[in-house]
Every structure is written in structure tokens, then in C-alpha cells.
Amino acid sequence: MAVIPVEHGLMLATVLFSIGLLGLLVRRNILYMLMSVEIMLNAAGLAFIVAGARWSQPDGQIMFMIILTMAAAEVAVALALVLRFYRQFQTLDTDAANTMRG
Amino acid sequence: MTTMNIAYPEIIVIATAFIVLVADLFMTERSRAALAPIAALGLLVGIAVTATLTPVTGELLGGRFAMDPVAWWFKIVFMLASLVAVIMSMDTLDGRARVRPRGMGFRGEYYWIMLSSVVGMMLLISARDLVTLFVSLEIATLPLMVLAAWRRDDAKSGEAGLKYVILGALASAFIVYGFSILYGLARSADLNEIARAVATEKSPAFLLAVALVLAGTGFKLTMVPFHMWAADVYQGAPTPVTAYLSVASKAAGLAFAFQILFRLFGDMLPQWGALIALFAAITMTLGNVVAIVQHNIKRFMAFSAISQAGYFLLGFLGDASEGVPAMIFYLLVYVVSNLAVFACIVWFANETGKEQIEDYRGLSLTNPLTALCMMIGLFSLAGIPPLSGFVGKFFLFSIASKAGCHWLVAVAAVNSTISLYYYLRVVRQMYIEPADKEAQPPSPSTSISITVAILTIVVSILGIVPTIYQHIHAATITWLASLQ
Amino acid sequence: MEYLFVLAMVGLAASMVAGGLIVARLVAPHKPGGLKDIPYECGEQPIGQAWIQFNVGYYLFGLLFLVFDVEAALMYPWAVVFRSVGLAGLIEMAIFVLVLIIGLVYAWRKGVLEWV
């Protein structure tokens, strides 16, 4: 059976991770920033699955499920805070989050 | 060896957390004041069980959870820090504060979240494979993000929580991506096996993994240049939470750094001496210099905490058999001193609702004992003999000196002087400036006064009693032998 | 070679859909207009645009759903090895589910499930 080469999977993971990182750096909207972080986490998960498939071990997939769970938990917390942020600042722009200086 | 008793501390804390959560459901709002004593009692039992644990080595779940003498010390520190944090939170949450902060309710959830983060930290130092390590890291940090945003009506608190979540998730992504590369290279998720597999690895992929994981670790330790979140989060979080964050997240960061630097990359650590020295120098200098110009006491303590992270990094230089006990000892000293100072800050914020350094003027006249305790705590952080902070710093500096980094010792010594200057700014306000005539003098609080008194005594004697350091040192030797 | 099955599968799926549409076009009566043109929304007549702000209250339901959604994902591996992990695995999973149920009960008692 022809398999997808490991390199392709890892390359995709790297590209996704870079897209996420870039998105986090250039975006000013909190929702987009959260999405970018999610992309980064999923890229790491993909790399785990590729590595697990390469070594034919279940650990990679276990780690992916754990990352999935953790990302869900993080999003749950983050979205609650985004709602609050919107209620307090009437915007989702991170530039508004500058009440503390020094 | 698969005896269950090594997991008792974690089980006790988890059970306490659930008891608090379920009890909260069936209580009236008035009787919820009993929740903090329940949580504190659970942590006390946890500390007692840990202290009497024999033997302190062993593993469970096929070696994925392991107890060792160094983990023992970390667990004691974690539980101690959260115990003090729980006691500190009582006044604020139960409404005994004169200036009640708005939106500080939900006591059951508050203690539940705090206890879950303690469990995460305790698992963190006991984890032996990537999955457990990652999960416990998240269990330790996610609750802290929720706690930072605890004040519902406060824009600053929400902003602090949001910044912490986004940057924390970024750090997690870095760490987990680094882990995936390590797993791909090493063909195993077991930390010790990865360490063996990558001992001679030189490929670019491995260097990328190291860089990613170290960046994430630096974030957790508030190492410059990954420190930006700390100041805003510390300032915005409710004061008892800031106290907990400043010690617990630092301790957890150090525990994570131990796992990464000693267990995973132990063979490469000696080669990274110059890099670590550089980061240590930048971290302590930046933290100290920025702390000078702060006016908000919580932000001030945040930069003080950043500079302390720089001192911790000194312990990673040179011989591990001396660095590890020095770091654990300094962690203990730092936790106790910082909590002593923060207990005073929490109490002052409860009584007056103010958190500017200038607001502390004349405290020695209205509350001489509290001012004295706060001064001792600050002097210990600055490292003035014969307080424990001096002894802790002395050990760390001597390690850097033995490792041949004499310039770094000079930098650290200059930094200690700078830090003395800005800690004295607070002391000056308390002792030299006249008290505000119109302001009502703050009245003492029982729980916090007792805490402050005990902590101050510990700060004073920790450096004089040699048995503790000897115990830590002996623990380290066994631990290092098990790493090989 | 093995991708041929995938191709055949794709072809089969496409022809099923196309076949259904073609047969319907041939045999069904053709009466356009009226209520048929509006979007289908659970049998209700739609009110206003679809691009409206949803009540924030849905968010909490979404979160509770997410918890059990992820729980199901974590249960699949356990289901695969159910026979080999035996009673110990069952007890462990029961503890896991119990923790989540405590969370649900907590949310319920705190009034999260009530619609305001």
C-alpha cells in the first residue's frame, strides 16, 4: 500500500504552524488570534499523528486527542473572556486592551 | 514497585477539590464561608501525608507517574503556597474586607479551581512521559488564567485573563510542537528514553525542537524576552490571585524547567552554559530596572518576580549536584518571602482598596508590626543577611562563580544592589513618610496577621537552620543518581 | 491501483445523487413559486435575515455540549480495547464520566441550563 511520506505530513504541519504564528502576530482581532492559536495547536497535533504513524505507535494519536481536549478547554475559557472583553470595551480589537501601563 | 501510597497527596487534593465543589452546591451563601477551611484542611492533610510518606521513591501506571525526593520537595512547596493563598483569599471572598472588591464571588468555584491547579503542578513534577507532562502543565496553567480574570466587573481583571490565555496558549503550542518533533526523533514518548535517544542528536530538527520547548519554558518561568504577560496579569488579577500566581506559577515553571533541562536535555545542559548565563543576566537586569519606575505595587512585585527568575537561572549553570539543591532552597525562600510580602499587600488592599506604593506611607505608625513583617519580607527578597534570601542567593551566586561565570556574578551583585534600592522605596514610604491624616488607619485581620507572623518567622530562620538545606542536598543526590 | 476503488466509490456516490435528482425531475410535478422559495427552517416560517446576533446564552449550552463532545472522542479508543482492558478499564471510564457528570450537575444546580 502506498503511504503518504512522513516528510509531506511534517511539512504540512510546519506550514500550518507558521500560518498560525503569523496570523497571531499580524491580526488585531481577538477571535482571529484565538483561531490562529488553534491552528498552531492542531499543527502540533498533526505532527504527532504523522510521527506516531511513522513509528506505528498509538502514542501519537493519544497525544492528538489530548491536544484536542486541551484546545477545547482553552477555547472555552478564552471565549468566555472574549465575551467579557466585548462587553467592557465594545470592540474585539486588542489595541483596546491597554488599561495597564508602566 | 507499584505501591499506591505515593499518589496519596494528589488523591487527597483532588478529593478535597471535589468535596469543596459538591459542598458548594448544597450550602447557603452564608455557610459557604466554611469552604475555605475545608480547602485549607485538605491541603494540610496533603502536606502531612506527603511529609510522612515513606519511601519517597516509587512509580505508578507503568512508570508514567513517579515520585522522587526532588518531586517531594516541589509538592510540599506547591501545597504550602496554595495553603497560604487559600488563607489569604478568605477575607476578600468572605466579604470581611473593608473595601469590598466588586465581582469577587463564587467561593466554591474559586477554591475548586485553585486546588485543581495545585494538582496539575503536583502531577507536573511527577510526570514521566510527554502526554502526562503536557496534560499536567495544562491542568496547572488553565486554572490560573481563570483565576486571573476572576473579578467579573473589573475591566483590568478581564484584560489580564485574556492576555494570559492567548499568550499561554501560544506557549503551549510552542511546547507541544517541540514535543512532537522530539517524539518523532526519539520514537518514544517516555522522557527518559527521549533523553537517551537525543543525547547525541545534532540535526536541525532537534535544534528547532529545543528552541521551541525552551521558549515555552521561558514563558512559564517569566524569562526575558518571554516575560511580557507577567506584568499585566499580575496587575490585573485580584490581589490574592496575584500572590498565588507569583509563587505557584513560578514554582510550576521551575518544576517544568527541571523536567525539561535535567530530565530531557540533561546531557546537553553543560554546553548551554553561556546561553543560560546570558538569559539570566538579561532577565534579572530588565526586571530590576523596570521595577524601579513602577508605582503600582502589584506591577512592582511582578517585575521583582521577573528579576528573581533571573537568579533562579543561575542554578542551571555548573554542577547539577550543587545547582539543584540551591534552586530548590531558593524556591522555598522565595515562596515564603514573597507570600509574606503579598499577605501584607492583600491585607492592605482589603482595608484601603489602594495598591499604589505611595499609599503605604506611614504604615509603620498605624500598623508597626505589619510594616515590620513586610520590611523583613522585602529585605529577604533583596537578599540582606542574615535573612534567608541572602543565604539562598549566596548559594546561587557561588554556583555561577564555580561555573566560571565571574562576570555574571558581578552582574547579579549589581542587580541585588539595584533591587535593594527599589525594595527600600516601599520601606521608605512605610517608615519615613508621614501618614495620611485623613485616611482611616487600616485595622488588622486575624487570619492574615497569623499568616504573616508565621511566614516572617520562617523567612528569618530558614537561612539560619542548616538542616533544611542538608535535607534538600541529600534528596538531590538520590534524584541525580536516578536520572542516569 | 488501490485508488481505483476510491474513484469507483466517488463515481458511485455521484451517480446516486445525480440519479435521485434526475428521477425526481422526471417524475415529480413541477409547480414553482410561493412558500417553496423561502429557506427551510425546521418547518417554521423564517423571520428576518439569517445574519442575526444569537443570544449569548447559547454560549453556555455550546460549552456544555463541547465537554460531552470531547468526552465521546476520548471514549472511542476505550471502546476499541474494551474487552482487553476489562473491569479496571470500565471503572476508570466510570470515574471519568462521573467527574463530567458532577460538572453537569453543578452547572444545572447553578441554573446554567435555565433559559432566561
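Chains as they are written, first to last, in the numbering used here: chain A, 83 to 184; chain B, 257 to 740; chain C, 415 to 530. Beta carbons: idealized from backbone N, C-alpha and C, even for Gly.
### Message
Check whether chain B comes within 7 Å of A:Ile-144, counting only Cβ atoms and requiring the distance to be less than that.
### Response
yes
### Query
Which chain A residues sit within Cβ distance under 8 Å of C:Ala-487?
Met-147, Leu-150 and Thr-151
### Task
Using the Cα positions of C:Val-526 and B:Asp-280, report the straight-line distance between them to the nearest angstrom.
15 Å
### Query
Candidates B:Glu-614, B:Ala-656, B:Thr-478 and B:Gly-440: which alpha carbon is nearest B:Ala-530's?
B:Ala-656
### Task
Sort out for me which residues DSSP pairs B:Leu-316 with in a bridge.
B:Phe-321
### Query
Mind pulling the chain B residues with CB within less than 7 Å of A:Thr-181?
Ala-411, Lys-412 and Glu-415
### Task
Give a yes or no on whether 7 Å exceeds the smallest Cβ distance from A:Ala-154 to chain C.
yes
### Query
In chain C, what lies closer than 9 Å to B:Phe-274 by C-beta?
Val-513 and Ile-516
### Task
Give the residues of chain C in contact with A:Ala-135, contact being defined as C-beta atoms less than 8 Å apart.
Simply none; closest approach about 16 Å.
### Residues that A:Leu-103 contacts on chain C, provided the C-beta gap is smaller than 8 Å
Correct list: empty, because the minimum Cβ distance to chain C is about 25 Å.
#### Entry: Distance between B:Ala-289 and B:Thr-734 (C-alpha atoms, nearest Å)
43 Å
### Task
Could you please give the first and the last residue of the uninterrupted alpha helix (DSSP H) stretch that includes A:Phe-167?
141 to 171
#### Entry: Amino acids of chain A, ordered along the chain, whose beta-carbon sits closer than 7 Å to that of B:Ser-436
Ala-126, Ala-129, Phe-130 and Ala-133
### Query
Of the choices C:His-444, C:Gln-463 and C:Lys-445, whose alpha-carbon is the least far from that of C:Pro-453?
C:Gln-463
#### Entry: Buried versus exposed, by CB contacts within 10 Å (16 or more), C:Glu-458
exposed
### Query
Just to confirm, are B:Val-591 and B:Val-503 a CB contact at a threshold of 7 Å?
yes
### Task
Please state whether DSSP places B:Ala-659 in a helix, a strand or coil.
coil
### Message
Please report the straight-line C-alpha distance between A:Ala-155 and B:Gln-550, rounded to a whole angstrom.
### Response
35 Å
### Separation of B:Ala-737 from A:Gly-102, as counted between CA atoms
41 Å
### Query
Which chain C residues sit within Cβ distance under 7 Å of A:Ala-158?
Leu-477 and Leu-480
### Query
So with Cβ pairs under 7 Å, would you call B:Leu-281 a contact of chain C?
yes
### Query
On the three-state DSSP scale, how would you describe C:Asp-451?
helix
### Query
Is the shortest distance between the beta-carbon of B:Val-421 and the beta-carbons of chain A less than 7 Å?
yes
### Message
Would C:Val-441 pass as an interface residue toward chain A - the criterion being a Cβ-Cβ separation below 7 Å?
### Response
no
### Query
Taking just the CA atoms, how far does A:Gly-91 sit from A:Ala-135?
10 Å
### Query
Residues in its own chain within less than 8 Å of C:Glu-485 by CB, not counting five upstream and five downstream?
Phe-510, Val-511 and Leu-514
### Query
Contact between the segment 697 to 708 of chain B and the segment 605 to 613 of chain B: three or more CB pairs below 8 Å?
yes
### Message
For a contact defined as C-beta to C-beta under 9 Å, what are the partners of B:Gly-440 on chain A?
### Response
Val-88, Leu-92, Ala-129, Phe-130, Val-132, Ala-133, Gly-134, Arg-136, Trp-137 and Gly-142
### Query
Could you give the residue range of the alpha helix (DSSP H) that holds B:Val-276?
264 to 281
### Task
Identify, in the order they occur along the chain, each residue of the same chain with its Cβ nearer than 7 Å to the Cβ of C:Trp-465, setting aside the five sequence neighbours on each side.
none
### Query
So the alpha helix (DSSP H) C:Asp-483 belongs to, where does it begin and stop?
472 to 494
### the segment 613 to 626 of chain B in contact with the segment 686 to 695 of chain B per 3-pair CB rule at 8 Å
yes
### Query
Cβ of B:Arg-384 within 7 Å of Cβ of B:Arg-320?
yes
### Message
Against chain B, with Cβ distances strictly below 7 Å, would C:Arg-523 count as a contact?
### Response
yes
### Message
With H, G and I counted as helix, E and B as strand and the rest as coil, what does DSSP make of B:Gln-491?
### Response
helix
### Query
Where does B:Thr-388 land, buried or exposed, given buried means 16+ other C-beta within 10 angstroms?
buried
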